[in-house]
Structures are given as structure tokens and as C-alpha cells.
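*Asks:*
Number of protein chains: 2
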Amino acid sequence: MLTQEKTQNWKPLIKQFEKIAGKQGVIVTPEERSVYECDGLLSYRERPSLVVLPRTTEEVAAIVRICDQNDIPFVARGSGTGLSGGALPTEGCVLIVTTRMNQILEVDLENRRVVVQPGVINAWVTQAVSQAGFYYAPDPSSQIICSIGGNIAENSGGVHCLKYGVTTNHVLGMKMVLTDGSIVDLGSKVPEMPGYDLTGIFVGSEGTLGIATEITLQILKKAETVKVLLADFTNVEAAGATVADIIAAGVIPAGMEIMDNLSINAVEDVVKTDCYPRDAGAILLVELDGMAVEVEASSQRVADICRQNGARNVSAAGDAATRDKMWKGRKAAFAAAGNMSPNYFVQDGVIPRTQLADTLKQIEALSKKYGHRVANVFHAGDGNLHPLILYDESEPGALQQVEALGGEILKLCVQKGGSISGEHGIGADKRCYMPEMFSKADLETMQWVRHVFNPKELANPGKVFPTPRTCGEGAHTHNIPAELDGAMLF
Amino acid sequence: MLTQEKTQNWKPLIKQFEKIAGKQGVIVTPEERSVYECDGLLSYRERPSLVVLPRTTEEVAAIVRICDQNDIPFVARGSGTGLSGGALPTEGCVLIVTTRMNQILEVDLENRRVVVQPGVINAWVTQAVSQAGFYYAPDPSSQIICSIGGNIAENSGGVHCLKYGVTTNHVLGMKMVLTDGSIVDLGSKVPEMPGYDLTGIFVGSEGTLGIATEITLQILKKAETVKVLLADFTNVEAAGATVADIIAAGVIPAGMEIMDNLSINAVEDVVKTDCYPRDAGAILLVELDGMAVEVEASSQRVADICRQNGARNVSAAGDAATRDKMWKGRKAAFAAAGNMSPNYFVQDGVIPRTQLADTLKQIEALSKKYGHRVANVFHAGDGNLHPLILYDESEPGALQQVEALGGEILKLCVQKGGSISGEHGIGADKRCYMPEMFSKADLETMQWVRHVFNPKELANPGKVFPTPRTCGEGAHTHNIPAELDGAMLF
Numbered sequence: 001m002l003t004q005e006k007t008q009n010w011k012p013l014i015k016q017f018e019k020i021a022g023k024q025g026v027i028v029t030p031e032e033r034s035v036y037e038c039d040g041l042l043s044y045r046e047r048p049s050l051v052v053l054p055r056t057t058e059e060v061a062a063i064v065r066i067c068d069q070n071d072i073p074f075v076a077r078g079s080g081t082g083l084s085g086g087a088l089p090t091e092g093c094v095l096i097v098t099t100r101m102n103q104i105l106e107v108d109l110e111n112r113r114v115v116v117q118p119g120v121i122n123a124w125v126t127q128a129v130s131q132a133g134f135y136y137a138p139d140p141s142s143q144i145i146c147s148i149g150g151n152i153a154e155n156s157g158g159v160h161c162l163k164y165g166v167t168t169n170h171v172l173g174m175k176m177v178l179t180d181g182s183i184v185d186l187g188s189k190v191p192e193m194p195g196y197d198l199t200g201i202f203v204g205s206e207g208t209l210g211i212a213t214e215i216t217l218q219i220l221k222k223a224e225t226v227k228v229l230l231a232d233f234t235n236v237e238a239a240g241a242t243v244a245d246i247i248a249a250g251v252i253p254a255g256m257e258i259m260d261n262l263s264i265n266a267v268e269d270v271v272k273t274d275c276y277p278r279d280a281g282a283i284l285l286v287e288l289d290g291m292a293v294e295v296e297a298s299s300q301r302v303a304d305i306c307r308q309n310g311a312r313n314v315s316a317a318g319d320a321a322t323r324d325k326m327w328k329g330r331k332a333a334f335a336a337a338g339n340m341s342p343n344y345f346v347q348d349g350v351i352p353r354t355q356l357a358d359t360l361k362q363i364e365a366l367s368k369k370y371g372h373r374v375a376n377v378f379h380a381g382d383g384n385l386h387p388l389i390l391y392d393e394s395e396p397g398a399l400q401q402v403e404a405l406g407g408e409i410l411k412l413c414v415q416k417g418g419s420i421s422g423e424h425g426i427g428a429d430k431r432c433y434m435p436e437m438f439s440k441a442d443l444e445t446m447q448w449v450r451h452v453f454n455p456k457e458l459a460n461p462g463k464v465f466p467t468p469r470t471c472g473e474g475a476h477t478h479n480i481p482a483e484l485d486g487a488m489l490f
Numbered sequence: 491m492l493t494q495e496k497t498q499n500w501k502p503l504i505k506q507f508e509k510i511a512g513k514q515g516v517i518v519t520p521e522e523r524s525v526y527e528c529d530g531l532l533s534y535r536e537r538p539s540l541v542v543l544p545r546t547t548e549e550v551a552a553i554v555r556i557c558d559q560n561d562i563p564f565v566a567r568g569s570g571t572g573l574s575g576g577a578l579p580t581e582g583c584v585l586i587v588t589t590r591m592n593q594i595l596e597v598d599l600e601n602r603r604v605v606v607q608p609g610v611i612n613a614w615v616t617q618a619v620s621q622a623g624f625y626y627a628p629d630p631s632s633q634i635i636c637s638i639g640g641n642i643a644e645n646s647g648g649v650h651c652l653k654y655g656v657t658t659n660h661v662l663g664m665k666m667v668l669t670d671g672s673i674v675d676l677g678s679k680v681p682e683m684p685g686y687d688l689t690g691i692f693v694g695s696e697g698t699l700g701i702a703t704e705i706t707l708q709i710l711k712k713a714e715t716v717k718v719l720l721a722d723f724t725n726v727e728a729a730g731a732t733v734a735d736i737i738a739a740g741v742i743p744a745g746m747e748i749m750d751n752l753s754i755n756a757v758e759d760v761v762k763t764d765c766y767p768r769d770a771g772a773i774l775l776v777e778l779d780g781m782a783v784e785v786e787a788s789s790q791r792v793a794d795i796c797r798q799n800g801a802r803n804v805s806a807a808g809d810a811a812t813r814d815k816m817w818k819g820r821k822a823a824f825a826a827a828g829n830m831s832p833n834y835f836v837q838d839g840v841i842p843r844t845q846l847a848d849t850l851k852q853i854e855a856l857s858k859k860y861g862h863r864v865a866n867v868f869h870a871g872d873g874n875l876h877p878l879i880l881y882d883e884s885e886p887g888a889l890q891q892v893e894a895l896g897g898e899i900l901k902l903c904v905q906k907g908g909s910i911s912g913e914h915g916i917g918a919d920k921r922c923y924m925p926e927m928f929s930k931a932d933l934e935t936m937q938w939v940r941h942v943f944n945p946k947e948l949a950n951p952g953k954v955f956p957t958p959r960t961c962g963e964g965a966h967t968h969n970i971p972a973e974l975d976g977a978m979l980f
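The structure is reproduced here in C-alpha cells:
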């Protein structure tokens, strides 16, 4: 048991939580709590002191109120698929798990919106409206398991965000439980409300400002026609240059993804798509959607641009079965990395699209310098890189080296005018890199917002923002000014 | 001179401001200050105590610091074309006018972004990049005169926002002067940054959180083909139903505008487009853009839908000259209203698109009830209504009646599940209607944000939020709870 678990008298609290969420809604034993000790970022672990699974907004509010009254930190968690440790428990915390908040509360096709509880799985939203010809656009790779609440917290992206935008562009409104347990309604069912855009600030705030308990999502009409092009190149730089040229030509594909040689072979070993050529330096997948005539015309234009950039071959898939085959490998890329190496680490950074070719060269140089292979699979259209660093944790010092290599890649992204996170969030993992990207004044301004909504820092403490305690020493030395410690700011 | 002008010792302050902005940058005489006593909402007037025209971020910061140190309220103003009194001076305020901050600081075509000072006129942005085939999408009717800073403050829309979104969707980052005079950089040059979306909360905050001094805007590639369809109907409800059907068919036009019979005739009296039939109950303008094949196919589909809804005639314009002729009347609609009546008042409200036909009927009934003609010109695709209420201010009680009628229209919008403002903002004009739309808890949550960034309420005081002082009595009685007074909240 942790220090705080010992000092906090949990027995009467457990009774209170059980009164709210029922006996089945409170997980007490250390063994069962261990299930929740990490999210998709496996390298950080901490067992929560208690796990509570509410079913309604009112239950969340009641749980938060108890935490607030007893100064107990709390962390919200959906499916736990996040890759930045955003749902990592804090020492001594109550973990509020939304798995039982899994109801689709309203489907309003006429006004193109769906109201869901936060534990609803991303893919369920599309399933609920697909028959009627609609879909929910943001599609993280984990969409068959990740929750809408988690998507809101991390402002998740996905393959189709190039054309359709990330989560924040699809959230019309939310019912939120604030950190004192009060309930507010943000946004509405029509877009662009007057007053401050609080919906916008809560989306992507990684659980540090409150917990969304009802979310109004916008759904889109399915495109009449969808076509996928697969182009193969002798090197990844040519694929990168093609992406920039396609956008420059005025075509906006639904998605544009690049996989390099290492990823292609990893995927073919495991999935056997039979359409990714193993000797290609890189493949580029371009999905085009819209009216049939438009898709036809753009796909010809895209194929021409691919060939002008040296593509050896460009194949097209119009029917769903062939399209699925082409995407299958891309979607299995992270999983296939596990087949190449005992361990791997997924990085997430953004660069301006025009810098793709040069950045990929520099990542290759860094990979050689550190002696770790890096497989590149990424949302090329957005400039959103996902380098997979391969390593073996049984080798002494390997994890430290991988962290250093990952850090250098992030710094490279910032140097190129990009960002340290495209869609995975900052969480526990990248907070120490925030000063690479933001000035002291910028971070302080964000802290003002955190402080007003989360004054006691009970909601997901220690996430997103660097503190001298967490970042001032150890592996990451980032020269954090002492004033940036949340506790000292106010 | 106003009370505060008397009590505040302005002489030494004027010296300080002149030191910052130069003698030409400080306007002292009452006659010259009178020029700035209102914005486009002519019915509210207040002469500022001093007008200062800075040229740089540093000058704005220095001016704000003096205001902060001396507890002087300050209001930022661009071109003063706003329609909700957002730039209306507050009693005893320093008006910070951005007219001299009119430089386009950077044009980066490769990465599709432009950095501008806030006094840059909206249309200048497109002019700067047009030759290279790009444009800036948000296009308020006032685009040849309104400033980007004002667009940011009010989150301005325009005809093309149906497809391309409002201002907030096109702002990548901003340099801001906060209310204590400190300078921060929000957002960046790549979209979707980690951390809190402060850019999103500052856009549309109507000058209550600080002053934007450098703005990074996203520019778009011009569409290959643009076509405008003009359909005429015997009644406005049929035009409204057509709009809903076009969207339901999966077509997203660049813009869809409706004008009713009264507006058509007003416009034809003044502009003589010769393409708006005077006997039509309503006309619908639909602009389609994209690749040539796509525009051709969608325009056939749209024309069919118009005819299915009873359109008497559908004409199309592909060349720029005919397109401009079709749009000319729509763009002159507000001005033409001045020819119909000694005075007019433009309302701005939003309803779900599917409620168009019914809402228009109810507005007609309200118009009869109050005995004031209402001309309807609106962004139909967004459900953003702009009823023009015609009146003669020389008639006793007319203004009060018009305010009451405008208020009933807003309440109708809220009842329909819409909003009290689509693109003109709340400003001084609509603050008393905020409780129609937001609960006490929602408004308090916004006040928390205001308070943290603007703790002394010196930045644009009295705007956006209702207070018992301004809304508790008089013409608008809205039953504002006493706790909602900003001064009492903290």
C-alpha cells in the first residue's frame, strides 16, 4: 500500500462511494486495482488507491465532490488506450473509470448530431448511424476500443483528420462535472455559440479541468464514392515530396499515410496484405472521397503527381474489399512492430508538411547515431509523424537511450516549426518537453486556466505541465524555471 | 466631460501615452474623440476619455500597463464596423484603436499562412495572396472595411462560412497583450497544438481577455471552378425547405443565402441587378466550388432539388461577371434597407437549419403583431438569420417596440434550439439575453475565465455578460440573479 493509502482513512470513504456507484461500482482489492495501473504508455505505472465506476453525470459529480471535500486526487479514465500516460493514476488517487457510462443517449439524424456518454466506444458512434448513411469522422487507430471521453481528453486524431479535422472540430457541446463537483453545460447543439468557447478549451485538456459526462458530437454524411490509391517509391523522401505536391495542387484527400520499408516488411510478415511491395523504400496511401466524378478526376491527378515524383507503380481500389486490404496493413502497423523487436516506443510529433523529406532524413541519422532502428508510419498529409523506435528492454540502458532518441526527434519537430504532439497528448510522458515549445509566459497563461478550474490540482495532477519536481532533474533536464511549479504560481 | 474624465488627472497620463505612441497617436480633443463614440450599432454612444493609436505590440503593452496601473478601463477598436457594440467605449475609458497596426508582417505561401497586425483590413489578406492562387476564407459583408482584429474579437462569419467555417477555424496563433500588459504567444504556425486551446478561447472573447497584436491566419487555395445558382420561389418557406434538402442530399455548397420579397425589392430599387425577380416570394443563391466536374455534377443536383421544391426558375452563372452580378444585390442588402425605411435594425440569430421554414412563418407573425416590417436576408445554410426590422425613430416608442420585437426573435431562436448570435457577437447589445441561452452555472464558468484574465474588469468592461446593473431593470427585464454581477462573483 502507498503512503497516502495508509494515511487516508479509506474505509468510510469506500462506504460513501459504494452508496453512489453501488458495490459493483467500487473496486477495492489491490489485485483488481492493479488492472488500472497504466494506460497504453506502458512504461509508467502506479496503482490507484481506489477505482470507482459511475453510471451517470450525477454519480460522477457526487464522487468528485467527495474527492474535493477530502482533498483526494482523482483521475478520469476511459478505455485506457492513451499513449501519453494521460490516464496514468496519480499516487493516492481515486480512478474514475467511465466504462459503465456506455449509453448513446440520443441520435438526431435530421440535425446531424449524437449525444453520448463518455464511455461509448468511438466506433459505436458510426455503427449507430451508419445504416442511415452517416458516420463520425475522427478515427484513431484504436477506434474499436478507445472511448469518446478519452478522445475528448486527448483531442484525438486519426487517418481521416487531414480533411475532416480532429476531435475538437466535431464536438458541439458537453455536460461537464467541474472539479468541485458542480455540473455545467458547455456549447450546445448548434455550432459557434456566443460567449467564451469553453468547449474548445475543455477538449484536449487531458482531464485537468473536469470530466465530460455527456457529449454532443457532430456526424457527417458518408461520401458517395471512396477510392484508395497505393503508390510505391524507392525512397521515403520521394513519398514525402509527393504529399506536399498533392496538397499544393489543391487536392485535399480524406487521408494520406506513408509507411517506410521497415514498416512495410514488418506488416507483411504479420498481416500479409500482398499489396505492399517489400522492396519499396516507402508506400503512400491516398484516400479520396466525394462525388464519383470528383473522385475520378482527383485520383487521376494524384496518380500523375505520384508518377512525376518517381512512383514505380500506382494502383487504385474502388471497391470496399480491396480498399480494406490496402488499409489493413497500415492499421496493423503498430501491432506489427511488436513482431520486429521485443519492445517498441511510439513517438508522436508534427512538422510542417513541406519539411517532411528533410525531417525523415534527419530521423534516419538520429536512428544511426543511437543504434536503434526507427520505423516510420505516419499521417503524412498533416505532417504528423509516428516514428516507432525499436529496442530490447533487457539490454542495459536501452530504455534511457530510446527516451533520449525520442526526445531528440521531438526537439527536431519543434526546430522545424512543428509540435511535440499531434494527437497522443502530453500526459505524463511529454510534460518535460513543454518548455521546448512554449515560453514561460505561455505556460503561465495555461496555468492560470488550470488554476481557475482546478485550484487544488486534484484533477489529474502532475499531467501536461512541467514542474521542477518532475522535470528539473533526472533523465530529462530541461532547465524548468522554479516559478513554473504549479504549487508556487498561486 | 464625463465624471471620470474630471476625477482622473489626464494631463500626466496623456504625456505618458504620447511618449509611447507619439503625439499623432493620441487624440485628446472632445471633437476628435467624438468620432469614436460608437461602432456599427449606432443606438449606443459614449465618448471615450482618450483615444490612443499604437503601432506595435510593445506600444499596446505599454498602454495597457498604464491603464492597469491607474485602474483605467480600456476598449480595443479596429474599424468600428461591429454590429453588437463590442467596440463601444465605456465611460471614462482609453480607446485603443488599431488603425495604424496595418502591416502584413509575413506571407508564407508554402505553409499557407499569413501573419498580420490587427488593423489589417479583412479583404487585404486575400489581396496579398490572390495572385498566387490563395484566399482568406471568412468574408463578412463588411470585408472591405472591417479589420482582422475586430474579426478575431467577434469571431466573424460571412457568406462562405457554411463550407469553410468562421474566423476561429482560420486562426492558427496570436501574439496577445494580456490585461496586465504582459505579452504571450498563443497557438503556433501548425494547427492543433498541445496544451489548452487558448487561441480558441481568445477568438470571440470580444476584447474582454486582452488584445491580439499579431495574428497568424490560415489561407486556402482558390477553388478551380466556382458557380452560382439563383433559384426563385413563390414563398420563403419553400426556399428554406430547399436549403435543408440540399444539405440532406450530401451537397455542401460554399454558401447558401436567402432573400425574401421585401429584400429583393429593396435591393432592386437601389442596385438594379436585373436578375432578382421582383415578384418572387424569395430567392435562393447557392454557390458551389471545387473541381470543374464536381461543380457541374453538384449544380445539376442542386437545380433538381430547387425544382422539386417548386422553384419557378433556376439560372446559373459560371463566369465571374455574372456571378458578381448575382451576389451584388445580396451584398448591398443591408445598405438597401436604408432606402426602404428611415431606420432599420439588423438582428442576428441562429436556428437549426431544419427549422427554417417554421421560424420564418413565426417571424412574419411577430412582424404583424408589432406592426413593423421585417426583411429577411440570411445565411440560410448555417441557419443564421439576419432579420432587418424597419422603423422610423421619429415615431414615439418605435425604438422600444423594435427592441422588443428583436428580443422576441432572439427568444424564438433559442426556443428552436439555436443561438442569440451567429456572427455579430454579444457586445453591449445582447448581454441581457445571455440568460435566455445559458444557465447561471454556465455564465459563472465563463466569468471564472474572464476573472482570471481580466481580474479588474478593465478590458472592455460591461460587455458580453449580463449584470443586475445593466439588465436587472429598464427595457429588458430578464430576472438576472444578483450573484451574476461580475463584481459580486469574486
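Taken in order, these protein sequences are the chains called A and B.
When you line the first sequence up against the working numbering, it's residues 1 to 490, in that order.
When you line the second sequence up against the working numbering, it's residues 491 to 980, in that order.
Just so you know, even glycine gets a beta-carbon here, dropped at the ideal spot from N, CA and C.
All figures in this text were calculated on a predicted structure; none of them were measured in a lab.
#1: Any beta carbon from chain B within less than 8 Å of I183(A)'s own beta carbon?
#2: Spatial neighbours of G915(B) within its chain, please: C-beta separation below 6 Å, excluding the five flanking residues on both sides.
#3: Quick check on the burial criterion: 16 or more other C-beta atoms within 10 angstroms. Buried or exposed for G397(A)?
#4: For a quick check, are the C-beta atoms of L198(A) and L217(A) less than 8 Å apart?
#5: Using a Cβ-Cβ cutoff of 7 Å, what residues of the segment 579-610 of chain B are near chain A? List them in chain order.
#6: Quick check: what's the CA-CA separation for G474(A) versus I510(B)?
#7: Using the C-alpha atoms, what's the distance from L933(B) back to P925(B)?
#8: Do V904(B) and M936(B) count as a contact pair if the criterion is CB distance below 8 Å?
#9: Which of the residues in the segment 436-459 of chain A, read from start to end, lie with their CB under 9 Å from any CB of chain B?
#10: State the Cα-Cα distance for the pair Y276(A) and K325(A), rounded to the nearest angstrom.
#11: For chain A, check one thing: does any of its Cβ atoms lie closer than 8 Å to the Cβ of L688(B)?
#12: Between A787(B) and chain A, is the shortest Cβ-Cβ distance under 8 Å, so that the two count as touching?
#13: Secondary structure at A728(B), three-state DSSP: helix, strand or coil?
#14: Grouping DSSP H, G and I as helix and E and B as strand, with all else coil, what is M927(B)?
#15: Count the other CB atoms, across all protein chains shown, that sit within 10 Å of the CB of I899(B); report buried if there are 16 or more and exposed otherwise.
#16: Going along the chain, which residues of its own chain have a beta-carbon closer than 6 Å to the beta-carbon of G819(B), five neighbours each way excluded?
#17: Got a sec, what are the start and stop residues for the beta strand (DSSP E) N313(A) sits in?
#18: Any Cβ of chain B within less than 8 Å of the Cβ of L489(A)?
#19: Which of helix, strand or coil does DSSP assign to S695(B)?
#20: Just to confirm the assignment, what range does the beta strand (DSSP E) spanning D779(B) have?
#21: Mapping the DSSP letters down to three states, classify Q24(A) as helix, strand or coil.
#22: Could you compute how far the alpha carbon of A827(B) sits from the alpha carbon of D882(B)?
#23: Name the chain A residues whose beta carbon is nearer than 8 Å to that of G915(B)?
#24: With respect to the beta strand (DSSP E) encompassing Q708(B), which residues constitute its N-terminal and C-terminal limits?
#25: Can you tell me whether DSSP reads T669(B) as helix, strand or coil?
#26: For P608(B) versus T580(B), is the C-beta spacing smaller than 8 Å?
#27: Can you check whether the C-beta of K679(B) is within less than 8 Å of a C-beta belonging to chain A?
#28: When you compare the CB of G530(B) with every CB in chain A, is at least one pair closer than 8 Å?
#29: Below 8 Å between beta carbons is the criterion; list the residues of the segment 401-423 of chain A that meet it against any residue of chain B, in chain order.
#30: Return the chain-ordered list of same chain residues with a C-beta closer than 6 Å to the C-beta of R567(B), the five sequence neighbours on each side being excluded.
#31: Does A498(A) pass the burial test, meaning 16 or more other C-beta atoms within 10 Å, or should it be called exposed?
#32: Could you name the residues that DSSP lists as bridge partners for N376(A)?
#33: In terms of residues, what are the limits of the beta strand (DSSP E) holding I586(B)?
#34: Less than 6 Å between C-beta atoms, sequence neighbours within five positions excluded: which residues of the same chain meet that for A61(A)?
#35: Where does V295(A) fall in DSSP's three states?
#36: Does any CB atom of chain A fall closer than 8 Å to the CB of V541(B)?
*Replies:* Put simply:
#1: Yes - at least one Cβ of chain B is within 8 Å of the one on I183(A).
#2: Within the same chain, S574, G576, E644, E696 come within 6 Å of G915(B) by CB-CB distance, once the 5 residues on both sides are set aside.
#3: Its Cβ having fewer than 16 others within 10 Å, G397(A) is exposed.
#4: Their beta carbons are not under 8 Å apart, which means L198(A) does not touch L217(A) by this criterion.
#5: Only those residues of the segment 579-610 of chain B whose C-beta falls short of 7 Å from the nearest C-beta of chain A are listed: E600, N601.
#6: For G474(A), the pLDDT reaches just 42, beneath the cut-off of 50, and the residue's location in the model is therefore unreliable, leaving the point undetermined.
#7: Distance between the alpha carbons of P925(B) and L933(B): 8 Å.
#8: Cβ distance not < 8 Å, so M936(B) and V904(B) don't count as in contact.
#9: Here the close residues are M437, F438, S439, A441, D442, L443, E444, T445, M446, W448, V449, R450, H451, V452, F453.
#10: Note on geometry: alpha-carbon atoms of Y276(A) and K325(A) lie some 10 Å from one another.
#11: Yes, L688(B) lies at the interface with chain A (some Cβ there is under 8 Å from its Cβ).
#12: Interface residue (Cβ-Cβ distance to chain A less than 8 Å): A787(B) is classified as such.
#13: Reduced to three states, the DSSP call for A728(B) is helix.
#14: Correct three-state label for M927(B): helix.
#15: By the 10 Å Cβ count, I899(B) comes out buried.
#16: Result list for G819(B): V757, V761, T763, Y766, in chain order.
#17: Counting along the chain, N313(A) sits inside the beta strand (DSSP E) bounded by residues 313-317.
#18: Here L489(A) scores only 32 on pLDDT, less than 50, and its place in the model is too uncertain to base an answer on.
#19: In this structure, DSSP gives S695(B) a state outside helix and strand, which the three-state scheme calls coil.
#20: Looking at the DSSP string, the run of the beta strand (DSSP E) that includes D779(B) is 772-780.
#21: In the structure shown, Q24(A) sits in a helix (DSSP, three-state: H, G or I).
#22: Pairing A827(B) with D882(B), the inter-Cα distance amounts to about 12 Å.
#23: At a beta-carbon threshold of 8 Å, the residues of chain A lying near G915(B) are P194, ordered along the chain.
#24: Taken as a continuous stretch (DSSP letters only), the beta strand (DSSP E) holding Q708(B) covers 701-708.
#25: The answer is coil: DSSP assigns T669(B) none of H, G, I, E or B.
#26: Inclusion of P608(B) and T580(B) in the CB contact set at 8 Å is not warranted, their separation being larger than that value.
#27: It does; some Cβ of chain A falls within 8 Å.
#28: For G530(B), the answer is no, since every Cβ of chain A falls outside 8 Å of its Cβ.
#29: Under the 8 Å Cβ criterion, the segment 401-423 of chain A contributes G417, G418, S419, I420, S421, G422, E423.
#30: Residues A577, L585, V587 of the same chain have their beta carbon placed closer than 6 Å to that of R567(B), with the five preceding and five following residues left out of the count.
#31: For chain A, the structure presents residues 1 to 490; residue 498(A) sits outside this window and is missing.
#32: Partner(s): P387(A).
#33: Counting along the chain, I586(B) sits inside the beta strand (DSSP E) bounded by residues 584-587.
#34: Excluding five sequence positions before and after A61(A), the CB atoms of its chain that fall closer than 6 Å to its own CB belong to V177, G181, I183, given in chain order.
#35: Three-state DSSP puts V295(A) in a helix.
#36: The beta carbon of V541(B) sits no closer than 8 Å to any beta carbon of chain A.
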